[in-house]
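Notes for the one structure printed next.
4 protein chains.
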Amino acid sequence: MYAIGVDIGGTKIAAGVVDEDGTILAKSRRATATADSSSVDRGVIEAVRELAEQFEIGAVGLVAPGFVSSDQRTVMFTPNLPWRNHPLRDNVASALELDVPIVVENDANAAAWAEFRFGAGRGVDDMVLLTIGTGLGCGAVVDGVLLRGAWGIATEAGHLRVVPNGHQCGCGLRGCWEQYASGNALVRNARAAIETRPDEATAILDRCDGDAASLKGPAVTKAAQAGDPLAIELLAELGTWIGEGSAAVGTIIDPALIVIGGGVAAAGDLLLEPARAGFLSQLSGRGHRPVASIELASMGNDAGLVGAADLARTAV
Amino acid sequence: MYAIGVDIGGTKIAAGVVDEDGTILAKSRRATATADSSSVDRGVIEAVRELAEQFEIGAVGLVAPGFVSSDQRTVMFTPNLPWRNHPLRDNVASALELDVPIVVENDANAAAWAEFRFGAGRGVDDMVLLTIGTGLGCGAVVDGVLLRGAWGIATEAGHLRVVPNGHQCGCGLRGCWEQYASGNALVRNARAAIETRPDEATAILDRCDGDAASLKGPAVTKAAQAGDPLAIELLAELGTWIGEGSAAVGTIIDPALIVIGGGVAAAGDLLLEPARAGFLSQLSGRGHRPVASIELASMGNDAGLVGAADLARTAV
Amino acid sequence: MYAIGVDIGGTKIAAGVVDEDGTILAKSRRATATADSSSVDRGVIEAVRELAEQFEIGAVGLVAPGFVSSDQRTVMFTPNLPWRNHPLRDNVASALELDVPIVVENDANAAAWAEFRFGAGRGVDDMVLLTIGTGLGCGAVVDGVLLRGAWGIATEAGHLRVVPNGHQCGCGLRGCWEQYASGNALVRNARAAIETRPDEATAILDRCDGDAASLKGPAVTKAAQAGDPLAIELLAELGTWIGEGSAAVGTIIDPALIVIGGGVAAAGDLLLEPARAGFLSQLSGRGHRPVASIELASMGNDAGLVGAADLARTAV
Amino acid sequence: MYAIGVDIGGTKIAAGVVDEDGTILAKSRRATATADSSSVDRGVIEAVRELAEQFEIGAVGLVAPGFVSSDQRTVMFTPNLPWRNHPLRDNVASALELDVPIVVENDANAAAWAEFRFGAGRGVDDMVLLTIGTGLGCGAVVDGVLLRGAWGIATEAGHLRVVPNGHQCGCGLRGCWEQYASGNALVRNARAAIETRPDEATAILDRCDGDAASLKGPAVTKAAQAGDPLAIELLAELGTWIGEGSAAVGTIIDPALIVIGGGVAAAGDLLLEPARAGFLSQLSGRGHRPVASIELASMGNDAGLVGAADLARTAV
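Chains as they are written, first to last, in the working numbering: chain A, 109 to 424; chain B, 109 to 424; chain C, 109 to 424; chain D, 109 to 424.
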């Protein structure tokens with residue numbers, strides 16, 4: 109059975125037809141008009157209609173970047189779109205008049221499911237996906253089932269407190285893991301190093317034409333891959349935080365595998381090795397238990413779309 | 109169907125026959141000979157035999173205070189007994205020659221299951237149990253299923269790091285939640301207050317006959333219940349840590365209910381109110397999501413025994 | 109002997125003639141042209157000339173908001189003015205052609221000296237001044253002598269680390285005391301509370317016409333003085349950090365008195381009481397030693413000017 | 109002029125005659141009878157008498173491991189001897205009937221003075237001494253004057269809080285620097301590593317005959333000097349904490365030199381290099397200021413005795 113997955117982001121809507129092996133047969137994209145929520149709905153509806161005209165569709169999965177209610181119909185809250193308790197599923201369903209299951213899923217959850225079914229997590233029953241771009245998203249599969257929680261808000265690990273009274277987070281709390289294990293953290297630390305250790309920061313500065321304010325994470329990664337010691341140190345610090353926070357998540361969930369996706373994954377072993385060391389250093393019961401693997405994700409940016417389509421299919 | 113539950117602790121073995129409503133029909137107890145592991149096995153075997161002669165038994169659940177393998181046969185590690193990769197299930201099964209399922213379960217997991225099925229968690233699908241005595245044990249039910257993890261070591265939340273470089277824990281790590289949210293933490297803080305704030309500590313000192321070294325947690329609770337301001341402050345600090353750590357666990361699991369059991373639960377609202385406030389203060393997405401309840405456990409010290417019996421029955 | 113003090117801030121230059129009792133006999137003010145450093149020099153020179161024509165002057169003290177060299181001639185670094193290793197003393201001296209001592213002093217040091225000589229610290233030999241406005245400045249008098257350090261950069265307590273891996277500071281480090289004990293911290297915490305606890309934040313929001321982005325510290329103080337519980341809580345948190353950090357400074361310096369000046373001092377006891385409690389809670393050797401007093405400053409915004417004038421006089 | 113210095117420790121009393129170059133001309137030692145305070149007094153008196161019979165003495169300096177009153181007569185508190193507000197100076201003076209100045213000094217202060225006058229700090233006006241043995245003692249010289257504070261309790265830096273809610277300290281507070289930067293911390297961390305990383309800990313275990321409970325700090329140092337990676341890592345962690353805490357002290361005092369003495373100094377560069385890196389990483393204003401040196405002490409175990417003798421001489 110074919111299913112459509114629609115990934116609704118802050119800047120674009122990406123839809124695709126996904127077969128039972130997780131392969132995308134056709135895609136459709138449009139910009140997100142974030143100003144009003146009904147235009148986002150319309151974009152989603154148009155994308156699904158366009159693809160449903162070309163393929164026989166058995167289910168539709170919608171991916172939203174925020175809190176999704178446990179009945180998978182409503183987006184309760186999302187920081188990057190004007191949605192508060194937005195009945196996304198019902199709006200889309202009533203417009204489409206398709207007689208197939210339509211469900212909404214959180215973006216990190218959908219991506220975790222895709223990695224579990226078709227990607228780095230195949231063959232593993234208990235796994236965690238961390239999608240680390242500007243922020244940190246997290247999804248988990250527990251004994252082969254997606255972990256959703258009582259209200260659909262499980263695995264909000266980006267807001268796990270890792271430092272009491274730590275960095276202020278945009279969520280209102282302090283010391284959230286996302287403030288230490290994200291592309292934004294990498295850039296913040298790189299800028300601080302440019303300020304306090306200018307002699308060591310020339311290679312990084314070269315990659316942003318001397319303008320620290322315009323520095324982005326990939327520039328640090330590229331400098332590290334070219335052998336710059338400060339950039340390597342900055343990635344190692346990021347990796348250590350990824351690993352230490354993963355140990356906290358692992359203390360609760362006990363996964364066999366932790367998968368790292370998102371933009372920072374481009375750093376590869378420069379990130380993974382410190383992450384594994386950080387994980388091990390904070391592993392409870394070390395020496396008396398197996399140790400989870402930490403590996404790179406394999407599904408790329410379409411993971412959310414593919415995962416949502418597959419999850420929708422299971423609802424049939 | 110009747111099932112036997114056997115709770116194997118550091119000092120005693122408690123066994124009971126449990127019916128399908130979670131009621132204990134008969135009990136048997138003996139001391140734990142911790143010196144060698146085979147004598148503990150023998151105690152378990154004797155206890156089961158004694159009860160199996162009186163009731164027709166359909167399953168046996170054994171409760172161990174440590175890491176239990178995911179096939180529920182082996183105790184991989186336990187700090188208070190001389191067991192390392194100990195084949196408890198097979199030892200007991202071969203001696204008993206009963207043709208019924210025999211399974212091993214971690215103590216906090218078994219207690220969580222008992223609260224879920226028969227206690228404070230009835231009617232709730234997603235819940236966490238914290239058993240807070242000298243240490244902190246944790247078990248969780250996710251969507252009606254006990255959370256075990258890839259290797260049976262999920263919800264070791266007592267060793268979640270809540271303070272980087274914090275108190276040294278007996279497990280070898282630092283800053284473990286158990287070091288802040290346990291009866292031992294309460295006593296340590298009370299002793300520190302006796303040393304640094306002697307003028308305020310007279311009521312607490314009176315309850316241990318002036319000997320801080322002999323102070324125990326219940327003495328602090330009783331002083332607080334009698335209105336002593338320092339004791340109330342100490343319990344509030346304990347409760348705050350319970351709540352803040354619960355928020356961390358909740359960020360991963362998103363439970364509807366957090367149940368507090370163990371010795372410190374005797375403090376009731378003196379503990380629960382600060383715990384609820386601490387939880388709320390660290391709740392990610394506060395204001396955009398439902399808030400989990402925090403309540404006292406209702407199954408008492410037999411929770412582990414009852415839960416293990418019931419879990420064994422589900423294996424039939 | 110009369111002396112001139114000149115307080116050079118980021119927005120204005122304030123000069124005054126100060127007598128031996130610390131009384132200001134005449135004042136002169138002008139805006140700071142921060143764009144180029146020579147125009148700041150000119151503003152200082154004009155201000156001194158204007159006052160020196162009216163009074164017979166025996167010394168000139170210049171106050172700079174930054175690192176001042178130990179020979180009191182050069183401003184090595186200042187965050188709010190374009191000065192790097194700027195020979196302020198020599199520039200001013202060569203232009204003025206006055207045959208009197210001219211010295212440069214750090215702003216918080218000068219203010220501390222003023223409080224010591226004429227203000228809240230009269231009669232005390234060992235004291236600390238904290239000037240808490242948007243940031244946190246600190247100066248100290250040790251056994252009747254201003255504490256300057258080997259390179260003139262002592263008592264930079266605003267950048268004492270109080271939380272490892274804490275809030276990012278503009279200085280490039282993390283967890284600096286200033287990030288927790290300043291007007292900026294008060295506003296940041298108030299905004300976070302508006303976001304996460306909107307029901308409790310109405311009184312604060314009313315005082316900034318519903319626009320959290322425009323919220324300033326005094327609005328929180330006024331709400332607290334009118335009895336708003338959230339505002340009182342926010343000031344108490346600020347006070348607690350002031351007190352706990354003061355205990356750290358006290359552990360090194362052992363002062364008899366800690367004086368709180370700057371904008372946040374307007375909160376009075378709403379700040380002082382929590383500060384005293386926070387100090388006591390972190391006092392090393394509590395119970396075996398005297399406890400320093402924590403009091404409000406009495407010299408107001410002219411403290412720097414008066415202190416610099418008096419320090420210059422001692423150089424005669 | 110010759111002066112006698114007497115170093116009163118928890119286990120022994122060491123006295124010596126010191127000339128104006130800091131050279132010890134004669135010594136006398138006896139065990140400390142800690143059970144009652146008058147016997148300690150008697151030991152001190154005997155030691156002074158014995159030396160005073162051989163040399164013409166102009167002053168006597170007594171070194172006490174605890175809080176010494178600012179008039180240098182009374183030991184207010186000491187953790188290792190039964191002294192509370194003990195009039196040490198007057199007891200000794202009335203028994204001796206010598207017509208010379210007799211003063212009491214804190215042990216770390218006296219050692220700091222010795223390093224300043226005759227050791228690693230010669231030629232430096234602003235310096236800090238850290239004596240790091242089982243605990244961490246600290247003394248400082250500011251502009252050529254010993255820093256004593258309002259009540260004689262300055263530079264109790266071992267109890268500076270470096271980790272909020274960190275390790276419990278024997279002083280009743282938590283997170284004291286001494287809990288991270290001392291021989292005790294080194295041993296505690298080594299034991300934790302033996303528990304959680306047994307495969308890497310064989311070289312350390314060999315040096316305590318396989319008995320972790322009997323492990324002492326010098327065994328770790330020796331293993332590191334022999335190239336053991338885990339021991340090197342443990343010393344590096346210790347050094348990092350020494351450096352980071354030194355940056356905190358430096359933020360207040362701005363010394364030109366930080367001197368490391370005590371037992372852990374035997375590790376030399378294995379400790380100093382990480383200490384320098386840790387100091388630099390937490391230096392406020394880095395890049396805009398000179399950087400203090402971190403060097404080993406040169407006066408050895410007699411530093412306290414020599415410093416106290418010299419300080420007593422200045423009282424003449």
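We put the CB at the ideal spot given by N, CA and C, even for glycine.
Contacts around residue i, its chain only, beta-carbon distance under 6 Å, and the 5 residues preceding and following it disregarded
i	result
C:T359	S392
D:A344	P382
Residue i in three-state terms, based on DSSP
i	result
C:V295	helix
C:K330	helix
C:G358	helix
A:F163	coil
D:D377	helix
A:D115	strand
C:A134	strand
B:N193	strand
C:G274	strand
A:T263	coil
B:G369	strand
B:N211	It is Val, not Asn, that sits at residue 211 of chain B in the sequence shown. It is a strand residue.
C:E205	coil
A:S178	coil
B:T242	coil
C:R225	helix
Residue i vs residue j beta-carbon contact at 9 Å
i	j	result
C:L204	C:V249	no
B:L313	B:W285	no
A:G257	A:G370	no
C:L170	C:V200	yes
A:G274	C:N273	yes
C:T131	C:G117	no
C:R397	D:M184	yes
A:A218	A:L413	yes
A:A228	A:L379	no
C:A411	C:T239	yes
D:E154	D:R137	no
Chain D residues whose Cβ lies nearer than 9 Å to that of residue i
i	result
A:G260	None at all; the shortest Cβ gap to chain D is about 33 Å.
C:H194	Within chain D, no residue comes near C:H194; the closest Cβ sits about 12 Å away, beyond 9 Å.
Interface residues of chain C facing residue i [CB-CB closer than 7 Å]
i	result
A:T348	Here the premise fails: no neighbours, minimum Cβ distance about 11 Å.
D:E104	Any property of residue 104 of chain D remains undetermined from this structure, which presents chain D solely from 109 to 424.
Chain C contact residues for residue i, given Cβ-Cβ distances below 9 Å
i	result
A:R296	Q276
A:T304	C279, G280, L281
Own chain partners of residue i with C-beta closer than 8 Å, once the 5 adjacent residues on each side are dropped
i	result
C:G230	Residue identity check: residue 230 of chain C is Arg in the sequence provided, not Gly. Within the same chain, C:R230 has close Cβ partners F224.
Partner residues on chain D for residue i, Cβ-Cβ distance less than 7 Å
i	result
B:V372	In chain order: nothing, as chain D lies at least about 19 Å away.
C:L281	Q390, S392
Chain-ordered neighbours of residue i on chain A, where CB pairs are closer than 9 Å
i	result
D:P272	P272, N273
Contact set between residue i and chain B, taken where Cβ atoms lie within less than 9 Å
i	result
A:T422	Correct list: empty, because the minimum Cβ distance to chain B is about 14 Å.
Contact list for residue i against chain A, beta-carbon separation under 7 Å
i	result
C:E308	Residues of chain A passing the Cβ test: none, with the nearest at roughly 13 Å.
Own chain partners of residue i with C-beta closer than 7 Å, once the 5 adjacent residues on each side are dropped
i	result
A:G325	G291, L294, V295, G371, V372
Does the region 213-224 of chain B come close enough to the region 278-293 of chain B to have 3 or more Cβ pairs within less than 8 Å?
-> By the C-beta criterion, the region 213-224 of chain B is judged not to be in contact with the region 278-293 of chain B, since fewer than 3 inter-stretch pairs fall below 8 Å.
How do the region 331-348 of chain C and the region 297-309 of chain C stand: do at least 3 beta-carbon pairs fall below 8 Å, yes or no?
-> yes
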